[in-house]
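Residue numbers (numbering that gives the first Met the number 0), protein chains in the order written: chain B, 0 to 227; chain Z, 0 to 264; chain D, 0 to 48.
Think of the CB as a built atom: it goes at the ideal place given N, C-alpha and C, for glycine as much as any other residue.
The block underneath contains the structure these notes are about, expressed in structure tokens.
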Amino acid sequence: MSQTRGVLGDAWLMARKDLLLERRAKIGLGQVVPFAILVLLLFAFALDPDRGVLKQATPGLFWVTVLFSAVLTLQRSFGLEAEDGILEALRLSEISPAGIYLGKVTALTIQLLLLEAVLVIGVAVLYDTKFVGIALLVAIAFTATLGIAAAGSVYGALAARLRSRETLLPLLLLPLLAPVLIAATRGCEVSLQREAVSGWPWAALLGIFALVYLALGSLLFRPLLEDA
Amino acid sequence: MTATKMNSAQSVSPAPTGTGSRGTRLLGAVAVCFLAVAVVYGLFISPPDSQLGNTIRIIYMHVPTVMAAYLAFLTTAVSSAMYLWKRTEFWDLLGSSGAEIGVLFFTVTIIDGALWGKVTWGVFWRWEPRLTTSAVLLIMYLGYLAVRAIPADPKTRATRCAIIGLVAVVNIPIVHKAVDWWRGLHQGKTVLGTLNPEMGGTQLFAMYSALTAGILVCVWLLIHRFRAGYLAERASDLGLGQALEERRLESSSTSSGSKVSGDDS
Amino acid sequence: MSSADLTETLCIIAAWVVTFGGVGAYAASVILRGRRLSKIVPSEQRRWM
């Protein structure tokens, strides 16, 4: 049955399951989004809106918030499965590991993109950001999010079975995502016309990151599920 | 790894009392020679650099340690891939040894870089590309060591670490590129950027001696750490074997005592 | 010796001390660990190339 479905079919199956689960549980909407808005508020408390630092740092603060929210979403996404033994069930099923991985990545990307959409509104309202260079912004948001999901899904699955996953996942994932943070922030700064250079190289770097980790994750998910 | 000849006592040399062997003793001796030359030339004979002044003496340490670190991490990377392919203990031990040694050398690199910065910039830290990249990579591999330390059966632990090893190494060029582009707009005196390419004579000699010494020491450490890891695995197998043996003795003594009461399946 | 020169000399010495000291301490710990483990592991399993 799964031979006819293929990897992409499996991926779609997994992604649908995750998204349906999320729609039912509404953890993203009920917990992660408020958390993200809260982080924006915390930054405002810390950085004093009147001194202009907040406005200047907006792209960076936005992406830091996205990173923290992504860690929470990943913990949730893989934590559930590890607890209920679903990872074992998946391993024994006919679904290809690469399909499971890509499905997870797809679901996570969609969830994070939705979160970012809300955050964009938050940032526009709270930090009074004016948006220009939309094409570049969208390209950056998409590639950065894909990269976060791709790399995050590997470590998310690895950390899921460990008791210390709450502390281990950020420690493993965030240094890995450092180039994503750098590239996304600098790219957004360019797109918001804060800098006079081209932002597309940053988007290209993000694209490379995403592709590299998508490929690596697809290859590594079988040993990860079976032996890690 | 282990010799399989079990001849009579006369033809087999006594077992080593540690992780050393003739090969490593030779390697160590050669490394010490290069180190001695590096110390003498680096600290005393070579003159202060025309651009860097006496701080080049710190660079004599900084460059070899960063090269050693990269050699160690490269070892981990290759070992991680090989482990996932061949699934032998050899690659797992080599990979984890490389990660540990890489972390050691990277830490030293960062400290040396900070000390160089104190003299050159007046501060211990500047967000210049090499130091920044090193900090990120260091934390990535600290994560590797953290996962390595989690008790698990050897196969599980090895697979986890191999995955982290590959995921981390693939990120190294990406981090380099991102940080270089980012900090490239703010060029100041970078740690390596101002090395005089026409460094000649005794300075070049000191640098190459130190570099060779650094690589030799790294390889020497890798071998010893690998063997120590191997012994640790054998020791824990032993411990496991003993525990099983005790359990077996226990159950055989209790079963002989409870034969009268019959079985309870 | 000016204070800048003093800082320079101290930093240079510190760099060499940290490098040799750090690597040396690690090397010593690995060697000692190897010796300790060698006592536990039977000799047939302790053969190096």
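* Do you know whose CA, among Q74(B), V189(B) and S92(B), lies nearest A202(B)'s CA? -> Within the first sequence, residue 202(B) is the residue found at index 203, counting from 1. In terms of Cα proximity to A202(B), the closest of Q74(B), V189(B) and S92(B) is V189(B).
* How big is the Cα-Cα spacing for G187(Z) and T119(Z)? -> As a working note, residue 187(Z) is residue 188 in the second sequence. As a working note, residue 119(Z) is residue 120 in the second sequence. A caution first: G187(Z) carries a pLDDT of 49, below 50, which makes its placement in the model unreliable, though a value can still be read off. Take the alpha-carbon of G187(Z) and the one of T119(Z): they are about 11 angstroms apart.
* Which residues in chain Z sit within 9 angstroms of V16(D), going by Cβ to Cβ distance? -> The residue labelled residue 16(D) in the question sits at position 17 within the third sequence. Residues of chain Z whose Cβ lies closer than 9 angstroms to the Cβ of V16(D) do not exist; the shortest such Cβ separation is about 10 angstroms.
* Please determine, among R226(Z), Y59(Z) and S20(Z), the residue with the shortest C-alpha to C-alpha distance to I12(D). => Residue mapping note: residue 12(D) aligns to position 13 of the third sequence, counting from 1. The closest CA to that of I12(D), considering only R226(Z), Y59(Z) and S20(Z), is found on Y59(Z).
* **Own chain partners of Y212(B) with C-beta closer than 8 angstroms, once the 5 adjacent residues on each side are dropped** => Your numbering for residue 212(B) matches position 213 in the first sequence. Only G146, A149, A150 and V153 meet the Cβ criterion.
* Using a Cβ-Cβ cut-off of 8 angstroms, state whether S37(D) counts as contacting chain Z. => For the purposes of this step, residue 37(D) is taken as the residue at position 38 of the third sequence. With 8 angstroms as the cut-off, S37(D) counts as an interface residue toward chain Z.
* Given a limit of 8 angstroms on CB to CB distance, which residues of the segment 58-90 of chain Z reach chain D? -> Cβ contacts with chain D: M60, H61 and T64.
* **Nearest-angstrom Cα separation, counted from Q50(Z) out to L36(D)** => Translated into positions along the third sequence, residue 36(D) becomes position 37. Translated into positions along the second sequence, residue 50(Z) becomes position 51. Rounded to the nearest whole angstrom, the C-alpha separation of L36(D) and Q50(Z) is 50 angstroms.
* Spell out whether any CB of chain D is found under 8 angstroms from the CB atom of R129(Z). => Counting from 1 along the second sequence, the entry for residue 129(Z) is found at position 130. Contact with chain D is absent for R129(Z), since none of that chain's Cβ atoms lies less than 8 angstroms from the residue's Cβ.
* Excluding the five sequence neighbours on either side, which residues of its own chain have a C-beta within less than 8 angstroms of the C-beta of E7(D), listed in chain order? -> As a first step, residue 7(D) is located in the third sequence; it is residue number 8 there, counting from the start. Hits under 8 angstroms: none found.
* Give the residues of chain Z in contact with L175(B), contact being defined as C-beta atoms less than 8 angstroms apart. => Within the first sequence, numbered from 1, the residue matching residue 175(B) stands at position 176. M139, V166, A167 and N170, listed in chain order.
* Neighbourhood of L204(B) by C-beta distance below 6 angstroms, restricted to the same chain and skipping five residues each side -> Here residue 204(B) refers to the residue found at position 205 of the first sequence. Counting only Cβ-Cβ distances below 6 angstroms, and skipping sequence neighbours, we find A182.
* Nearest to T64(Z) (by Cα), restricted to the options G19(Z), L203(Z), I110(Z) and R125(Z) -> Working through the second sequence from its first residue, we reach residue 64(Z) at position 65. Of the listed residues, the one whose Cα sits closest to T64(Z) is I110(Z).
* To do: Compare the C-alpha of F105(Z) against each of G121(Z), L25(Z), T131(Z) and T87(Z) and name the closest.
  => Taking the second sequence and counting its residues from 1, the one referred to as residue 105(Z) is at position 106. Sorting G121(Z), L25(Z), T131(Z) and T87(Z) by C-alpha distance to the C-alpha of F105(Z) places T131(Z) at the top.
* **Test item: CB-CB of I138(Z) and P174(B) under 8 angstroms** => Along the second sequence, one-based indexing puts residue 138(Z) at 139. Along the first sequence, one-based indexing puts residue 174(B) at 175. Yes, the pair counts as a contact, with Cβ atoms nearer than the cut-off.
* To do: In the DSSP assignment, find the alpha helix (DSSP H) that holds S217(B) and state where it starts and stops.
  => As a working mapping, residue 217(B) is identified with position 218 in the first sequence. W199 to D226 is the span of the alpha helix (DSSP H), which, as asked, contains S217(B).
* Can you list the residues of chain D that I110(Z) reaches, using a CB-CB cut of under 7 angstroms? -> Position 111 of the second sequence, counting from 1, holds the residue named residue 110(Z). Going along chain D in sequence order, the residues near I110(Z) (Cβ under 7 angstroms) are V17.
* **Residues within the segment 47-81 of chain B neighbouring chain Z, beta-carbon criterion of under 9 angstroms** => Look at the segment 47-81 of chain B: it has no residue with a C-beta under 9 angstroms from a C-beta of chain Z.
* Closest by C-alpha distance to A80(Z), when choosing among T211(Z), A167(Z), D48(Z) and R125(Z) -> Translated into positions along the second sequence, residue 80(Z) becomes position 81. Of T211(Z), A167(Z), D48(Z) and R125(Z), the smallest CA-CA separation from A80(Z) is found for A167(Z).
* **Bridge partner(s) assigned by DSSP for D48(Z)** => On the second sequence, position 49 is the one that residue 48(Z) refers to. BP columns for D48(Z) point to G52(Z).
* What's the call for V85(Z), buried or exposed, on a 16-neighbour Cβ count within 10 Å? -> Against the second sequence, residue 85(Z) aligns to sequence position 86. Note on identity: in this sequence residue 85(Z) is Lys, with Val being the wrong assignment. Flag for K85(Z) reads exposed.
* Between which two residues does the alpha helix (DSSP H) containing G21(D) stretch? -> In the third sequence, the residue the question calls residue 21(D) occupies position 22. Going by DSSP, G21(D) is part of the alpha helix (DSSP H) stretching over S2 to I39.
* Quick one: Cα of F42(B) to Cα of G51(B), how far? -> Translated into positions along the first sequence, residue 42(B) becomes position 43. Translated into positions along the first sequence, residue 51(B) becomes position 52. Spanning the two alpha carbons is a distance of roughly 13 angstroms.
* With a cut-off of 8 angstroms on the beta carbons, I'd call L172(B) and L86(B) a contact; round off their distance for me. => Against the first sequence, residue 172(B) aligns to sequence position 173. Against the first sequence, residue 86(B) aligns to sequence position 87. 18 angstroms between Cβ atoms; not a contact.
* Got a sec, what are the start and stop residues for the alpha helix (DSSP H) P15(Z) sits in? -> Working through the second sequence from its first residue, we reach residue 15(Z) at position 16. Per DSSP, P15(Z) is not a residue of any alpha helix (DSSP H), being assigned neither H nor E.
* To do: Examine chain D for any beta-carbon lying closer than 8 angstroms to the beta-carbon of T16(Z), and answer yes or no.
  => Here the question's residue 16(Z) lines up with position 17 in the second sequence. Yes, because at least one Cβ of chain D sits closer than 8 angstroms to the Cβ of T16(Z).
* Asked: Using 8 angstroms as the Cβ pair cut-off and three pairs as the minimum, do the segment 15-29 of chain B and the segment 109-122 of chain B touch?
  -> Below 8 angstroms, enough C-beta pairs join the segment 15-29 of chain B and the segment 109-122 of chain B to call them touching: three or more.
* Asked: Going by Cα to Cα distance, which pick from S133(Z), W115(Z), R147(Z) and R246(Z) is closest to G52(Z)?
  -> Translated into the one-based positions of the second sequence, residue 52(Z) becomes position 53. With distances taken between CA atoms, G52(Z) lies nearest to W115(Z) out of S133(Z), W115(Z), R147(Z) and R246(Z).
* To do: Would you be able to state if there are at least three C-beta pairs under 8 angstroms between the segment 18-35 of chain D and the segment 213-227 of chain Z?
  => Three or more pairs of CB atoms, one per stretch, sit closer than 8 angstroms, so the segment 213-227 of chain Z contacts the segment 18-35 of chain D.
* Asked: Under 8 angstroms between C-beta atoms, does A27(D) make it to chain Z?
  -> As a working note, residue 27(D) is residue 28 in the third sequence. Answer no: the Cβ-Cβ gap between A27(D) and chain Z never drops below 8 angstroms.
* Asked: Run through DSSP, which three-state label would P128(Z) get?
  -> Numbered from 1 along the second sequence, position 129 holds the residue referred to as residue 128(Z). Three-state result, P128(Z): helix.
* To do: Check each residue of the segment 81-103 of chain B: if its Cβ is closer than 8 angstroms to any Cβ of chain Z, include it; give the result in chain order.
  => So nothing in the stretch comes that close.
* What's the C-alpha gap between V17(D) and G41(Z)? -> Residue mapping note: residue 17(D) aligns to position 18 of the third sequence, counting from 1. Residue mapping note: residue 41(Z) aligns to position 42 of the second sequence, counting from 1. Cα-Cα distance, rounded: 16 angstroms.
* Asked: Per DSSP, what kind of secondary structure is D49(B) in: helix, strand or coil?
  -> As a working note, residue 49(B) is residue 50 in the first sequence. For D49(B), the three-state secondary structure derived from DSSP is helix.
* Members of the segment 196-210 of chain B that neighbour chain Z once the beta carbon cut-off is set at 9 angstroms -> Listed in chain order, the positions of the segment 196-210 of chain B with a beta carbon within less than 9 angstroms of a beta carbon of chain Z are V196, P200, W201, L204, I207 and F208.
* To do: Would you kindly report the start and end of the unbroken alpha helix (DSSP H) that includes Q110(B)?
  => For the purposes of this step, residue 110(B) is identified with residue 111 of the first sequence, where counting begins at 1. Taken as a continuous stretch (DSSP letters only), the alpha helix (DSSP H) holding Q110(B) covers P96 to L125.
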